[in-house]
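Line by line, the protein sequences give chains A and B. Quick note on the numbering used here: the first sequence kicks off at 63 and runs consecutively. Quick note on the numbering used here: the second sequence kicks off at 63 and runs consecutively. Below is one structure, written out as structure tokens, with a few remarks after it.
Protein chains: 2
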Amino acid sequence: MEKTTAAASSPQVLRRANARRVLEYAWRTGPFTASEAMDASGLTRSTVIGVCDDLVQQGWLDELGDARAAGAAGAYTKGRPARRYALRARAAVVVAVDAGAERITATVADLRGHVLGSASVEIPVKSPHRVERRADAEARRRLARSTVRDALAACDGGGAPVLAMTVGVPAPVDADGGSPADDWFWALMNPGYAELLADEAGIVTIENDANLVAIAERRSPLGSGRTVDSYVAMLAGEGLGSGLMIDRRLVRGRRGAAGEMRFLDHVEGVGSADGFALLARQWAVDAMREGLPSGSPLDQLDPRTLGEADVARAAAAGDPVAGGIIDRLAERLARICLVLGDLLDVDRVIVAGATVASLPAVIDRAAAILDASDDPTAPDLVASALGRDAVTVGAIEHALDLVRDRALDLVPAARDVA
Amino acid sequence: MEKTTAAASSPQVLRRANARRVLEYAWRTGPFTASEAMDASGLTRSTVIGVCDDLVQQGWLDELGDARAAGAAGAYTKGRPARRYALRARAAVVVAVDAGAERITATVADLRGHVLGSASVEIPVKSPHRVERRADAEARRRLARSTVRDALAACDGGGAPVLAMTVGVPAPVDADGGSPADDWFWALMNPGYAELLADEAGIVTIENDANLVAIAERRSPLGSGRTVDSYVAMLAGEGLGSGLMIDRRLVRGRRGAAGEMRFLDHVEGVGSADGFALLARQWAVDAMREGLPSGSPLDQLDPRTLGEADVARAAAAGDPVAGGIIDRLAERLARICLVLGDLLDVDRVIVAGATVASLPAVIDRAAAILDASDDPTAPDLVASALGRDAVTVGAIEHALDLVRDRALDLVPAARDVA
DNA sequence: AAAATAAATCTACACCCTAAATATACTCCG
DNA sequence: CGGAGTATATTTAGGGTGTAGATTTATTTT
């Protein structure tokens with residue numbers, strides 16, 4: 063029996079640990095000199111330079127010949143010009159896939175998270191307001207794969223390897239990338255992407271879409287001075303899902319179903335996990351059936367094509383029925399926030415998804431309710447600034463986290479050696 | 063300006079890391095030989111022996127002269143007898159304090175968690191069923207400190223230093239060991255223990271009692287073969303509190319208030335965070351006021367001194383009113399479990415506290431309801447086997463975790479050197 | 001052209017780990 | 001009682017990695 067792995071603690075682990083630290087520093091700053099890396103890492107110049115040489119060799123860093131030409135902020139004029147290094151952002155790429163119910167988007171980004179290209183397809187649907195008749199699992203698989211390949215073809219990767227891919231799906235995802243098979247919707251939303259896409263990138267992970275939004279919001283600007291380590295990212299549209307970021311850590315649970323909102327069935331004044339868009343339409347149609355007061359703007363609309371934005375517009379125009387719907391939705395949202403704030407002790411609930419654009423008044427009003435609340439655990443409520451890209455931004459971030467985490471085990475583009 | 067700390071990555075970090083690994087191994091096994099440590103750590107014999115010598119020198123390990131005499135399970139007869147080492151359990155002690163509403167218990171344990179001694183005091187109360195008239199904060203502080211000192215005096219520590227102390231309190235605890243000042247009960251339950259006890263041990267931490275139960279249950283026997291990484295420890299008595307262990311990690315939240323149960327105010331069919339003991343008494347008194355069917359065992363009791371165990375006994379004796387109360391409590395518990403299972407995706411809810419002993423039928427019946435539920439996220443429900451010591455066991459474990467984590471930075475008893 | 005400055009390079013030197021050879025302490029068996 | 005056998009301990013050599021400090025190099029300033 064031969065020794066397969068090197069002993070766990072050979073001296074190289076030190077070199078490795080130092081390389082890791084320097085690379086992490088490179089990742090969070092722009093071009094840097096050895097002296098700066100020394101300050102950041104606490105290492106000696108010899109060590110830093112040795113490590114940087116290694117990293118350049120491996121392709122993670124570029125050496126930027128001239129020190130003074132690039133002239134950073136600090137007036138740097140005296141002495142021997144320093145060698146400068148920078149993360150080689152194009153050493154590799156990652157792919158983010160937002161595989162939503164209605165469309166699949168694939169985005170390619172470099173190591174700094176800059177988008178290099180993307181591709182997108184609508185999922186063919188029969189009825190616009192129903193999710194039930196979506197394309198089947200096999201069609202989704204085909205579309206997902208082709209969209210990923212289109213996105214890669216659409217950008218000039220310069221032959222950079224695809225080190226990681228993260229796929230966001232509207233379903234709980236367990237540690238193996240699978241979703242519960244006992245739910246047809248979840249099974250359809252995640253039709254075995256992990257296996258399907260395994261060969262498309264070095265590391266392939268599937269992740270719940272709301273969890274990715276939570277990751278995306280990790281870097282969002284902080285309201286006041288204090289840091290926000292605990293928050294809930296709520297993805298609200300036709301349905302409700304949430305990602306729980308607590309103590310700077312994503313809470314997943316056994317099957318990855320933490321943050322699922324079905325528990326709202328048991329919450330007074332809520333009663334279901336339906337999303338605000340769905341309810342706005344439904345309640346509007348209900349009101350139309352029961353008869354509207356004359357002159358209501360809602361009366362102009364066709365119940366079959368009515369959208370949630372129509373309700374928002376009617377409310378803004380002063381329609382009392384639409385206004386009542388907005389109020390009810392706001393109270394609903396506020397109550398959900400109270401429950402989450404209480405059980406999880408989060409500072410903030412961040413709403414993303416279609417609701418942000420189509421029903422902003424609901425968020426504003428719910429935030430006002432929470433501000434007025436005497437409950438000391440009431441969290442702040444804010445709308446995400448990331449728009450439709452929230453899932454994609456989170457997926458890029460997550461894929462990059464994976465790459466950063468294992469960078470030294472992965473081989474980026476082999477450097478052209480003279 | 064002189065250099066105060068050694069550079070972050072001096073060669074010694076390797077030695078340190080290896081020492082850490084060997085010490086961790088020593089902690090989770092009994093006496094061991096160098097060869098066993100080599101297998102466990104992947105290190106060379108020279109390294110292991112070198113590290114063990116260091117650890118013996120520092121007082122963390124004892125060298126157990128004879129290898130064969132102790133004769134472990136494996137028939138070990140051939141070859142040169144191996145040197146044996148073992149964790150020196152008496153090198154230091156930790157103190158666990160269960161500072162509950164009604165009594166304060168301090169327990170001293172060695173590095174293996176074996177109890178060496180303890181002390182306990184009842185908190186003077188005026189009315190047995192009310193928490194409001196407890197001794198004030200200053201009295202609690204005095205009692206806590208004297209109980210800790212009594213416990214230390216009660217055991218023969220052999221001069222071992224007190225490396226860590228964990229205090230469990232029925233209140234949320236933030237990272238600094240403080241509890242929300244805006245709640246009189248919480249402020250009373252944690253009247254500045256962190257500062258008060260700071261000098262009694264090397265590391266002093268305050269922790270929520272339910273969180274400590276969650277830690278205590280980390281090692282509890284697993285129901286089936288699968289591992290349970292996500293569960294809720296519910297401390298149920300007069301009130302309800304819970305510790306959230308999700309993905310093998312305690313979820314605390316910003317102020318340490320994650321797991322607080324006030325959100326139950328918003329849950330249908332629950333409506334408050336009152337504990338089962340409190341409700342059992344209250345509902346029984348209500349029923350007595352409304353008039354009981356003749357011959358009910360409940361009728362024998364004085365409403366002013368009635369205890370929850372009386373209700374349990376009456377129900378066991380077939381009293382329909384008491385049985386109804388047990389059923390209502392079971393439904394309540396089951397519903398709480400469903401909500402927790404759904405939002406947090408936990409495998410299991412473990413009930414500890416007075417309810418386990420006094421109202422076992424509630425837990426059994428709720429477990430049956432959950433088993434019969436068609437909700438796939440319904441968690442298992444079990445009663446804790448730790449009894450009244452759950453908080454203490456968790457506090458010992460937590461204190462030991464802290465010691466294990468920083469062992470090499472701490473100095474245990476200086477070894478007697480010849 | 002010389003001084004000043006900052007960075008790179010070079011030269012010890014210490015430490016820690018591995019690997020391999022050698023020594024030791026047993027048991028077993030003839 | 002004295003080898004053979006076996007498992008462990010100790011010693012020695014060698015390589016890699018780090019720090020520390022002196023020296024060299026590249027550049028600006030005077």
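Built from N, CA and C at the ideal position, the CB exists for glycine as well.
Are any of the Cβ atoms in chain B nearer than 8 Å to that of L76 (chain A)? yes
Starting from the Cα of L395 (chain A), find the closest Cα among A:R203, A:G175, A:L297, A:Y255 and give me that residue. A:L297
Put T8 (chain A) into one of helix, strand or coil per three-state DSSP. The displayed coordinates of chain A run from 63 to 480. Any statement about residue 8 (chain A) would go beyond what the structure contains.
W246 (chain B) classed as buried or exposed, judged by whether at least 16 other C-beta atoms fall within 10 angstroms: exposed
Output the distance between the C-alpha atoms of R152 (chain A) and I268 (chain A), rounded to the nearest integer angstrom. 24 Å
Output, in chain order, the set of chain B residues within a Cβ distance shorter than 8 Å of L484 (chain A). Chain A is shown only over 63 to 480; residue 484 (chain A) falls outside these bounds and no answer can be derived.
For the alpha helix (DSSP H) holding E200 (chain A), just list the boundary residues, first then last. 199-216
How big is the Cα-Cα spacing for D218 (chain A) and A102 (chain B)? 48 Å
Three-way DSSP call (helix, strand, coil) for N80 (chain B) in this model: helix
Roughly how many angstroms separate the alpha carbons of A272 (chain A) and R77 (chain B), rounded to a whole number? 43 Å
Who are the near neighbours of L462 (chain A) in its chain, counting only those whose CB is closer than 8 Å to its CB and skipping five residues on each side? V156, A171, L173, G175, A226
Tell me the DSSP secondary structure of M100 (chain B) in three-state form. helix
Contact residues within the stretch 415-440 of chain B, judged by C-beta distance below 7 Å to chain A: P438, T439
Rounded distance between the beta-carbons of L258 (chain A) and R207 (chain A), thought under 8 Å: 6 Å
Closer than 8 Å at the beta carbon, the chain B residues around S97 (chain A): Residues of chain B passing the Cβ test: none, with the nearest at roughly 15 Å.
Under the three-state reduction of DSSP, which class applies to T106 (chain A): helix, strand or coil? coil
Give the C-beta separation of M323 (chain B) and A276 (chain B) to the nearest angstrom, bearing in mind that I take them to be a contact with Cβ-Cβ under 8 Å. Between A276 (chain B) and M323 (chain B) the Cβ distance is about 14 Å, and since that is not below 8 Å, they are no contact.
Entirely enclosed alpha helix (DSSP H) segments - the stretch 234-301 of chain B, minimum 4 residues: 246-251, 255-258, 271-278
Taking the DSSP output, what are the residues bridged to S182 (chain A)? A:T167
Where V401 (chain B) and H328 (chain A) are concerned, what is the direct C-alpha to C-alpha distance, given to the nearest angstrom? 7 Å
Euclidean distance between Cα positions of A68 (chain B) and T109 (chain A): In this prediction, A68 (chain B) scores a pLDDT of 41, lower than 50, which makes its location untrustworthy; the coordinate-derived value is nonetheless stated afterwards. Roughly 15 Å separates the two Cα atoms.
Could you have a look at T454 (chain B) and say whether DSSP puts it in helix, strand or coil? helix
Of all Cβ atoms in chain B, is any one closer than 8 Å to the Cβ of A396 (chain A)? no
Determine, using beta carbons only, whether E279 (chain A) comes closer than 8 Å to chain B. no
Against chain A, does A274 (chain B) count as a neighbour if the rule is that its beta carbon must be under 8 Å from one of theirs? The amino acid occupying residue 274 (chain B) in the given sequence is Leu; Ala does not appear at that position. No, no contact with chain A.
In whole angstroms, give me the CA-to-CA distance for V231 (chain A) and G301 (chain A). 13 Å
From what residue to what residue does the alpha helix (DSSP H) around G385 (chain B) run? 382-406
Indicate the three-state DSSP secondary structure (helix, strand or coil) for V473 (chain A) in the structure shown. coil
Please state whether DSSP places L7 (chain B) in a helix, a strand or coil. Any question about residue 7 (chain B) goes unanswered here, given that chain B covers just 63 to 480.
Using C-beta distances below 8 Å, list every residue in its chain close to L312 (chain B), excluding the 5 sequence neighbours before and after it, in chain order. N273, A276, I277, G305, L306
Can you tell me the Cβ-Cβ gap for R316 (chain A) and S292 (chain B), rounded? I've got them flagged as a contact below 8 Å. 5 Å
Under 9 Å Cβ-Cβ, which residues of chain A neighbour E322 (chain B)? D404, L405, D407, T439
Between which two residues does the beta strand (DSSP E) containing V159 (chain A) stretch? 155-161
Nearest-angstrom Cα separation, counted from A99 (chain B) out to P146 (chain A): Sequence check: residue 146 (chain A) is Arg here, not Pro. The alpha-carbon atoms of R146 (chain A) and A99 (chain B) are separated by roughly 45 Å.
Compare the C-beta of V183 (chain B) with all C-beta atoms of chain A and state if any pair is closer than 8 Å. no
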